[in-house]
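Residue numbers (the working numbering): 27 to 69.
Note that CB positions come from ideal geometry on N, CA and C, so glycine has one too.
Notes for the one structure printed next.
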């Protein structure tokens with residue numbers, strides 16, 4: 027029982043920081059002059 031609880035706690039400690047990673051917003055091009063003639067993504 028103690029071993030299973032320890033493994034569960036270890037898995038949660040490793041998984042919780044990964045849950046904080048994620049996309050916050052859509053990427054936006056920098057303001058000002060662009061160096062490329064096309065916008066990304068192209069079809």
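Residue interval of the alpha helix (DSSP H) (run including residue i)
i, result
"residue 43", "28 to 46"
Short CB-CB distance (under 7 Å) between residue i and chain D
i, result
"residue 67", "Here chain D cannot be found, since the structure has a single protein chain."
Other residues of its chain near residue i: CB distance less than 8 Å, five sequence neighbours each side excluded
i, result
"residue 52", "none"
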